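Have a look at the structure below before the remarks.
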Amino acid sequence: MSLRQLVRPIATLQSSRSASAAATKQILESAPAAHVTSLKNGFRVVSEDNGKPTVTIGIFVENGSRFETQQNSGVSSFLEHLLYKGTNKRTQQQLETELAGLGASLSSETGRDHTAYYVQAASKDVEKVVDIVADILRNPKLDAAAVEKERQVLLNKLDELEGNYQNLTFDMLHTTAFQGTGLAHYPHGTTKSIQEITADQIRQWQADNYRPVRMVLSAVGGGAEHGKLVGLAEKYFGDLSNEYPGKVPSDLGIRFTGSEFRFRNDKFPAMFAAIAVEGVGYGHADALPLAVVANGIGQWDATHGSSHNAPKRHVQRLVEGYGLHGFEQFNINYKNTGLWGVYFVADGKDFENVTNIHSIIQKEWKHMACALEAQEVEGLINQYRNRFFSKVESNTGKAKFNAKELLYTGHLRSLADVEEQLSNLSANSIGQAMNRHIYDRDIATAGVGRTEGFPEYSYIRQRMWWWRL
Amino acid sequence: MGSLTRSAASVKTVVGRSSKAIAPLSITSSLGSPDAAIDHKTIDSLQLATEKASRTGLFVSGLAVKGVNVTSRRHASTYDVPYPNFDECRRKSTLDAKVASRDTEPERVAFTRAVKGVAFGSFGLWGAKEGVQLLLYSKSMSMATRALAAIEISMNDIPEGTTKTYEWRTRPVFVRHRTKAEIDREKAVVVSELRDPEHDDVRVKRDEWSVVIGVCTHLGCAPIAGAGEYSGYYCPCHGSHYDASGRIRKGPAPRNLDVPPYVFKGDTIVVGEEEK
Ligand code: FES
Numbered sequence: 000m001s002l003r004q005l006v007r008p009i010a011t012l013q014s015s016r017s018a019s020a021a022a023t024k025q026i027l028e029s030a031p032a033a034h035v036t037s038l039k040n041g042f043r044v045v046s047e048d049n050g051k052p053t054v055t056i057g058i059f060v061e062n063g064s065r066f067e068t069q070q071n072s073g074v075s076s077f078l079e080h081l082l083y084k085g086t087n088k089r090t091q092q093q094l095e096t097e098l099a100g101l102g103a104s105l106s107s108e109t110g111r112d113h114t115a116y117y118v119q120a121a122s123k124d125v126e127k128v129v130d131i132v133a134d135i136l137r138n139p140k141l142d143a144a145a146v147e148k149e150r151q152v153l154l155n156k157l158d159e160l161e162g163n164y165q166n167l168t169f170d171m172l173h174t175t176a177f178q179g180t181g182l183a184h185y186p187h188g189t190t191k192s193i194q195e196i197t198a199d200q201i202r203q204w205q206a207d208n209y210r211p212v213r214m215v216l217s218a219v220g221g222g223a224e225h226g227k228l229v230g231l232a233e234k235y236f237g238d239l240s241n242e243y244p245g246k247v248p249s250d251l252g253i254r255f256t257g258s259e260f261r262f263r264n265d266k267f268p269a270m271f272a273a274i275a276v277e278g279v280g281y282g283h284a285d286a287l288p289l290a291v292v293a294n295g296i297g298q299w300d301a302t303h304g305s306s307h308n309a310p311k312r313h314v315q316r317l318v319e320g321y322g323l324h325g326f327e328q329f330n331i332n333y334k335n336t337g338l339w340g341v342y343f344v345a346d347g348k349d350f351e352n353v354t355n356i357h358s359i360i361q362k363e364w365k366h367m368a369c370a371l372e373a374q375e376v377e378g379l380i381n382q383y384r385n386r387f388f389s390k391v392e393s394n395t396g397k398a399k400f401n402a403k404e405l406l407y408t409g410h411l412r413s414l415a416d417v418e419e420q421l422s423n424l425s426a427n428s429i430g431q432a433m434n435r436h437i438y439d440r441d442i443a444t445a446g447v448g449r450t451e452g453f454p455e456y457s458y459i460r461q462r463m464w465w466w467r468l
Numbered sequence: 000m001g002s003l004t005r006s007a008a009s010v011k012t013v014v015g016r017s018s019k020a021i022a023p024l025s026i027t028s029s030l031g032s033p034d035a036a037i038d039h040k041t042i043d044s045l046q047l048a049t050e051k052a053s054r055t056g057l058f059v060s061g062l063a064v065k066g067v068n069v070t071s072r073r074h075a076s077t078y079d080v081p082y083p084n085f086d087e088c089r090r091k092s093t094l095d096a097k098v099a100s101r102d103t104e105p106e107r108v109a110f111t112r113a114v115k116g117v118a119f120g121s122f123g124l125w126g127a128k129e130g131v132q133l134l135l136y137s138k139s140m141s142m143a144t145r146a147l148a149a150i151e152i153s154m155n156d157i158p159e160g161t162t163k164t165y166e167w168r169t170r171p172v173f174v175r176h177r178t179k180a181e182i183d184r185e186k187a188v189v190v191s192e193l194r195d196p197e198h199d200d201v202r203v204k205r206d207e208w209s210v211v212i213g214v215c216t217h218l219g220c221a222p223i224a225g226a227g228e229y230s231g232y233y234c235p236c237h238g239s240h241y242d243a244s245g246r247i248r249k250g251p252a253p254r255n256l257d258v259p260p261y262v263f264k265g266d267t268i269v270v271g272e273e274e275k
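Quick note, the sequences are listed as chains A and V, same order. Mapping the first sequence onto numbering that gives the first Met the number 0, position 274 (from 1) lands on 273, and the numbers just tick up by one. Mapping the second sequence onto numbering that gives the first Met the number 0, position 184 (from 1) lands on 183, and the numbers just tick up by one.
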């Protein structure tokens, strides 16, 4: 009898927990579903009508610096910039007035493997927005004057970028980790390439890359009714041919090279450092556990309220006077490879301080690989769940998620699917993923700025494993 | 104009300066940024200029900083330094950038693994042997037990008039085959005149054989057999003289040499065994 009493409360606890998990799943399953349709020419449409008064319509194109060469490095972003400069139908002025009239905002970004254009607008303006975006993407003017003007803007931007130390560090990290592949190229190009890219090359780039199989239209919000969007897509993009007049773009390799890059410049205010192992592609089975761990290691900087009293043990140790300004664990997934590691900024005044920072972070990685406990896992999953679901809460966030899923994996997970995958994670599965990809793996390191105290490669590499049986 | 916004304006402050959010994946452009080539009124550049000014002081170096003063702008950035090509140092299997390095790894690490395997394997075997040995020893006779064991000495090995040394319980044992003359001499000694009065009869079991422990009773040196003024044993350390019965006759040692337990068995002497 007494045993029964002892056992009972635990049993109820478990059942209530799984009940709440089930409830979460039910809620997610009843959320508006995203529908996917592929047009005859390969152009994909994904939409999700959630009844909100606003809508985000995005077009994602698979291109970017990893498809570029040394010679045309930066052409993807060049093209993206030029698309704002007016079409054959509308001048830049008209474009702006028209969008302003709708109260819509157009933004875009070019990364290493995709360019995204998205418009946030009122839900009643779906058709008008698609019309404008299609016009921008399909009939850009790309006239010589605009090209020259934009060239100067891009060159200035290149100069400015060097002052963005974080960006610089990450670019250098990519360059060394993926040396000899397309991922080593800078999204913004080099001075030489930007100076030399011709309007013809840009036009050629558009013809080669803005092909229907490489594009996804993703709409989330009110008025994003699927049938309607498929109709619009058919009307505005259905006639796009899937034939390649030039050559089919290739991603130029995925080889990761364990290596070190150091750019010392004592005029920089601090040491900016990144160490990373080869991550996994977006659709890889281990992508989720690695993302969960990365999110759990998290980030901290000097502006945070907590230091010694931080909830995370590695943060408590990191703030112990090693001159650390901040760190952030990152997890980047490209289509077929990735980078997983940590970025930090420190005084770098003392070798020992820097090595301590490295050791503490790496120890945490090893802990996650070898000694993760069940209750820790629950915390990690909750943290990730919070982050993930708040990211896809907005129309734009969800539109990006949907588009990325389609572009990278060819199919779409619903939020309930993600939740399911999350709740299936265990200390064991996370530990296994960590062992496959992080534990005792080669690393790429990049140090920028005051790197005198940056430890040499073998020192850091050696700390990727533990003596253990 | 205001309707077109930059996308990556979310700012996380690291080092007390703003920089873009951590994902370095995207650079953004904006319809809203002015296109004049030398106008640094973009959000990025303004922010940067302010940061630079506040960091180094506007009048100290602000003017020399590229990008703030347009005329000093140079197009030579870190980004323009080409990354060296290390293909020459690569193994053949990693020359193809399209192949993930993970896929060529088994082949690349095979040799080092094998070397390590052999090295650590043999090391491991040795370790295992040591371990087993340790276990077995702990189960086997201890040193003390072993030292209690008896030794057998063949009497035929020791001709009359000689002394031989054996080891027993880690100590030397002198076995002396005495001559008639020696026996007579020792039997005749007047016991009352001795420092440690003992008659030869109590020190031997058979007159021909004297068995003593070869440890000087002074400070523990090993005496030399057949030497000294009494032609028995002589300890060179501090000059103790023992007679052929092992009794102390001269020098600093306080006692006679000890007699170990022993028995005669056929033509052997067994040292370490008590008479039953
Ligand atoms: S030890 Fe033998 S005489 Fe002192």
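Note that the Cβ used here is the ideal one computed from N, Cα and C, for glycine as well. If you're wondering where the values come from, they're calculated on a predicted model, not measured in any experiment.
From residue i to residue j, what does the alpha carbon distance come to, in whole angstroms?
i	j	result
residue 273 of chain A	residue 328 of chain A	9 angstroms
residue 207 of chain A	residue 87 of chain V	33 angstroms
residue 250 of chain V	residue 133 of chain V	47 angstroms
residue 168 of chain A	residue 357 of chain A	16 angstroms
residue 460 of chain A	residue 376 of chain A	26 angstroms
residue 252 of chain V	residue 241 of chain V	9 angstroms
residue 101 of chain V	residue 90 of chain A	50 angstroms
residue 126 of chain V	residue 136 of chain V	15 angstroms
residue 37 of chain V	residue 159 of chain A	Unreliable placement is indicated for residue 37 of chain V, whose pLDDT of 38 sits below 50; the coordinate value is still reported in the next sentence. Looking at the two C-alpha atoms, the distance is approximately 12 angstroms.
residue 292 of chain A	residue 193 of chain A	38 angstroms
residue 220 of chain V	residue 264 of chain V	30 angstroms
residue 393 of chain A	residue 219 of chain A	9 angstroms
residue 456 of chain A	residue 168 of chain V	59 angstroms
residue 311 of chain A	residue 139 of chain A	51 angstroms
residue 117 of chain A	residue 424 of chain A	33 angstroms
residue 282 of chain A	residue 465 of chain A	30 angstroms
residue 264 of chain A	residue 162 of chain A	12 angstroms
residue 353 of chain A	residue 114 of chain V	34 angstroms
residue 421 of chain A	residue 364 of chain A	20 angstroms
Given the structure, does residue i come close to ligand 1, in the sense that its CB is under 7 angstroms from one of the ligand's heavy atoms?
i	result
residue 253 of chain V	no
residue 218 of chain V	yes
residue 227 of chain V	no
residue 231 of chain V	no
residue 116 of chain V	no
residue 250 of chain V	yes
Going by beta carbon distance, what residues of the same chain come within less than 8 angstroms of residue i, once the five residues before and after it are set aside?
i	result
residue 388 of chain A	414
residue 280 of chain A	286, 332, 333, 334, 335, 336, 337 and 407
residue 261 of chain V	204, 210, 268, 269, 270, 271 and 272
residue 493 of chain A	Beyond the ends of chain A as shown, which are 0 and 468, falls residue 493 of chain A; an answer cannot be given.
residue 345 of chain A	269, 270, 272, 321, 322, 323, 324, 352, 353 and 356
Between which residues of its own chain and residue i is the CB-CB distance below 6 angstroms, once the five residues before and five after are set aside?
i	result
residue 50 of chain A	221
residue 519 of chain A	There is no way to answer for residue 519 of chain A, as the model of chain A reaches only from 0 to 468.
residue 189 of chain A	72
residue 306 of chain A	318
residue 295 of chain A	379 and 382
residue 450 of chain A	261, 263 and 270
Any beta carbon from chain C within less than 8 angstroms of residue i's own beta carbon?
i	result
residue 437 of chain A	Here chain C cannot be found, since the structure's protein chains are A and V.
Please tell me whether, using a cut-off of 7 angstroms, the distance from the CB of residue i to the nearest non-hydrogen atom of ligand 2 is below it.
i	result
residue 238 of chain V	Looking for ligand 2 in the displayed structure turns up nothing; the ligands present are ligand 1.
Skipping 5 residues on each side, what residues in its chain have a beta carbon closer than 7 angstroms to that of residue i?
i	result
residue 200 of chain V	none
residue 74 of chain A	67, 196, 200, 201 and 204
Does the segment 140-152 of chain A touch the segment 96-110 of chain A, meaning 3 or more C-beta pairs lie closer than 8 angstroms? Flag = no, the segment 96-110 of chain A and the segment 140-152 of chain A do not touch.
Touch check for the segment 213-221 of chain A and the segment 33-49 of chain A: three-plus C-beta pairs under 8 angstroms? Touching, per the Cβ criterion.
For the pair the segment 72-87 of chain A and the segment 132-141 of chain A, tell me if three or more CB-CB distances fall below 8 angstroms. The segment 72-87 of chain A makes contact with the segment 132-141 of chain A, as at least three CB pairs between them are under 8 angstroms.
Tell me whether the segment 174-181 of chain V and the segment 191-210 of chain V touch, counting them as touching only if at least three CB pairs, one residue from each stretch, are closer than 8 angstroms. By the Cβ rule, the segment 174-181 of chain V counts as touching the segment 191-210 of chain V, because three or more pairs are nearer than 8 angstroms.
Inter-stretch contact at 8 angstroms, needing at least 3 Cβ pairs: the segment 434-448 of chain A / the segment 361-373 of chain A: Between the segment 434-448 of chain A and the segment 361-373 of chain A there are three or more inter-stretch CB-CB distances shorter than 8 angstroms, so the stretches are counted as touching.
Run through the segment 44-117 of chain A for me and flag every whole beta strand (DSSP E) of 3 or more residues, listed as ranges in chain order. 53-60 and 104-109, all fully within the segment 44-117 of chain A.
Should the segment 105-123 of chain A be called in touch with the segment 179-186 of chain A, which here means at least 3 C-beta pairs below 8 angstroms? The segment 105-123 of chain A is in contact with the segment 179-186 of chain A.
Those runs of the beta strand (DSSP E) which lie wholly inside the segment 197-248 of chain V and span at least 3 residues: Secondary structure in the segment 197-248 of chain V: the beta strand (DSSP E) runs of 3 residues or longer, each lying completely within the stretch, are 208-212, 223-226, 231-234 and 239-241 in chain order.
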